[in-house]
Amino acid sequence: MILVDNLAKSFGAVQALHDVSFTAQDGRITGLLGHNGAGKSTTLRILSTVLRADKGRALVDGHDCSSDSLRVRQSLGVLPHASGLYVQLTGRENIEYYARLHGMKGAALRSACDGLIERFGIGAVAGRRAKGYSQGERLKVALARALIHKPRTVILDEPTNGLDVNAVRMLREIIRELRASGCCVLFSSHVMQEVAALCDDIVIIAQGRVVVHGTPGEILTALGTDDLEEAFVRAAADRESA
Amino acid sequence: MSAIGTVFVKEVLENLRDRRVVFSAFFFGVLLAPAIFALTTTLASNRAVRDQEQPLKLPVIGAEQAPNLMRFLAEQGAQIEPVTSTADEATAQVRNGERELVLIVPERYAEQLRQGEPARLDLVVDTSNTRASGTTERARRLLEAYGHQLAMLRLLARGVSPSVVDPVDVRAVDVATPAGRSLIILGMMTYFCLMSMLVGGFYLAIDTTAGERERGSLEPLLSLPVTRSQLIIGKILATCAFMAISLLLTLAAFSVALKFVPLEVLGMSANFGPRVVLAIFGVMVLFVPLGAGLMTVVASFTRSNREAQTWLSVVLMIPLVPIMFAVVSGTRASTALMTVPSLSQHLLATALMRGDAVDPVHLAVSAATTLGVGLLLIALAARLYRRESILG
């Protein structure tokens, strides 16, 4: 579970986050929706402890992201928008590298690897170097790598950017599986349809502030429309004119 | 295995599989440096041999007016080439490099000589033509010797002892050992070694920050439950390993290459057996942490791979500065100079090549300062790695 409370962050003169507060529950998929530059990536980076907030609190499974960052990183699985695989390593080596850095070893490491390789159906490519992977193969290996330590909370930053339809479908399936297994899934996107297709809860963020937070139904009611895309545009526009 | 070890093993494995990295780390020094070195030394020794063995060819205008001089020059081994062109034409030929030098005997030479006046001889030379400097020097010395001989004869004819015109007798005693003379050429070698050592860690140092960022692998890596210090120390250790191997291979290649360079023709004796190679390795390997720290620090300020490569190419030149200073000014080793990294490695390595005894105090000061600066730079690299702007 993720709790974000009154988060603020600036880079020099640019204030990226003014006041961001929301929660993401276990067993649910929460979508962080906003235009480019609205503050989605900054929020996720604070949660993954790569950045430090200037103000406010961020908790992952009860651990504070700034004072207890190591524990946060232990319970998080992070998938960046670029797969970030090491192309000279094989798929399996990529996964094992992360497993070792999570402190796994020996038989436990091997069985965890085998399990994920089988689950994602990448047995045929796991022995090949990542250099020649297709988009779908890269995504599956990157996902296996992010999930190797069975994290309770999974963060995905614009995971569908630049993916073809098949890869996007596969990713959605995996995200639903994660929800079914009780994980808290938080992912960011600037595409309304994508969030609508998948999310139980939606957080719309604009200019560093949360403008609406709720289930898709609640958001439609709050903004007086029956079209989610319209709701997104209205919410963002309200904020920008304010 | 600890996190540092895991990072180290992964970096080594990944980079060993990258052909570009392997080529620059292990073939640059091994193939290129000795090739350049062998070429230059062979050229240098050929030139020295050629200048001494070939007879002096001396173009002369107006040779018929000085038959005694011509006979003297011929006796001394010079080949006289009578030239019929005018003085102006000959000067132009020297200026544009067609001839190295021309001796002009003016029309009044014979008359001046007969009357006991200083007889003028014009030797047209171009001092900016370094290739001709040996020939010019030999011609000048022969002409002076002729003048001296004439002076002696005139004094004897007047009943004066010729020794009155030689009040002092200067004799230069050359104390340079044969190996000492090869110092400048061998001095190039220490720089080559330092450079190929740096090139060995070049891509790994870039990859630590700018490279990982550009490939999008830095952010997920930093979200793993290891500290950033563990990550960067693992990476810097891998960089150091590549640099040390690159240095060892370069030194080994040098020791093989030197066997084929005719240094003895120049009176040089390069001292380059396996024991000396290992000793030089031991002295120079202390520069590895400094180089790795410096390259990682510089790379962590850059925005992209390409920018990092540009800046690191400049870093490759840095160790050259103190070495150039030492070679040009002929500096001798002193305890104070041992505090300057790269210069101290140069001085110690050349001493080992010369077969001189190395002062243990020098060794200790060099090791302490070079390692100290290296550790400071690594600490700085780790500090920079903790900055938020490392994400770009």
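Residue numbers (numbering that gives the first Met the number 0), protein chains in the order written: chain A, 0 to 241; chain B, 0 to 391.
Note that the Cβ used here is the ideal one computed from N, Cα and C, for glycine as well.
- Rounded to whole angstroms, the Cβ separation of A:Leu75 and A:Lys8 is 18 Å, and the two are not in contact under 8 Å.
- Under the 8 Å criterion on CB atoms, B:Gly215 is classed as interfacial with respect to chain A.
- Residues of chain B with a Cβ closer than 7 Å to the Cβ of A:His101 are, in chain order, Leu223 and Pro224.
- Around the CB of B:Phe253, 16 or more other CB atoms lie within 10 Å, so the residue is classed as buried.
- In terms of beta-carbon proximity, A:Ala107 stays away from the interface with chain B, with every pair separated by 8 Å or more.
- Around the CB of B:Val225, 16 or more other CB atoms lie within 10 Å, so the residue is classed as buried.
- The beta carbon of A:Thr48 falls within 8 Å of a beta carbon belonging to chain B, placing the residue at that interface.
- Shortest Cα-Cα distance from B:Thr208 to any of B:Glu80, B:Val198 and B:Thr238 involves B:Thr238.
- A:Ser47 counts as buried, since at least 16 other C-beta atoms from the protein chains shown sit within 10 angstroms of its C-beta.
- Contact between A:Gly83 and A:Leu6 does not hold, since the beta-carbon distance rounds to 25 Å and is not under 8 Å.
- Of all alpha-carbon atoms in B:Gly272, B:Ser341 and B:Cys192, the one lying nearest the alpha-carbon of B:Arg353 is that of B:Gly272.
- When Cβ pairs closer than 8 Å are counted between the two stretches, the segment 76-95 of chain B is seen not to touch the segment 151-160 of chain B, the count staying below three.
- For B:Ala2, the C-beta contacts it makes with chain A under 9 Å involve Arg99, Leu100 and Gly102, in order along the chain.
- The C-beta distance from B:Val82 to B:Pro58 rounds to 5 Å, short enough to fall under 8 Å.
- In this structure B:Thr129 is exposed. Its beta-carbon is surrounded by fewer than 16 other beta-carbon atoms within 10 angstroms.
- One finds Pro219 and Ser222 in chain B with Cβ atoms closer than 7 Å to the Cβ of A:Val77, taken in chain order.
- Contact annotation for B:Arg16 against chain A: Gln87 [CB-CB distance below 7 Å, chain order].
- By the beta-carbon neighbour count (other beta carbons within 10 angstroms, threshold 16), B:Ser222 is buried.
- Contact between the segment 28-41 of chain A and the segment 53-67 of chain A is absent: fewer than three C-beta pairs spanning the two stretches fall below 8 Å.
- The Cβ of A:Ala81 sits closer than 8 Å to at least one Cβ of chain B.
- The three-state secondary structure of A:His101, taken from DSSP, is coil.
- For A:Val202, no alpha helix (DSSP H) segment is defined; the enclosing uninterrupted segment is the beta strand (DSSP E) at Asp200 to Ala205.
- For B:Glu80, the uninterrupted beta strand (DSSP E) segment begins and ends at Gln78 to Val82.
- Counting of Cβ neighbours within 10 angstroms places A:Thr152 among the buried residues, the total reaching 16 or more.
- When the Cα atoms are used, B:His345 and B:Leu293 turn out to be separated by approximately 19 Å.
- Under a criterion of Cβ atoms nearer than 8 Å, no residue of chain A is adjacent to B:Leu236; the nearest Cβ is some 15 Å distant.
- Of all C-beta pairs linking the segment 190-209 of chain B to the segment 238-252 of chain B, three or more are shorter than 8 Å, placing the two stretches in contact.
- The DSSP-derived three-state label of B:Val163 is helix.
- By the 16-neighbour rule on beta-carbons within 10 angstroms, A:Gly120 is exposed.
- Looking at the backbone, the Cα of B:Phe27 and that of B:Thr309 are separated by about 18 Å.
- Per DSSP, B:Leu72 is one residue of the alpha helix (DSSP H) stretching across Pro66 to Glu74.
- Within the same chain, and ignoring the five residues on either side of A:Ala196 in sequence, the residues whose Cβ sits closer than 8 Å to its Cβ are Arg171.
- Interface with chain A (8 Å Cβ-Cβ cutoff): B:Thr5 is included.
- Using a Cβ-Cβ distance cut-off of 8 Å, the segment 310-327 of chain B and the segment 227-237 of chain B are not in contact, since fewer than three pairs of beta carbons, one from each stretch, lie closer than that value.
- Counting along the chain, the unbroken beta strand (DSSP E) around A:Ser9 starts and ends at Ile1 to Phe10.
- The beta-carbon of B:Lys9 is placed less than 8 Å from the nearest beta-carbon of chain A.
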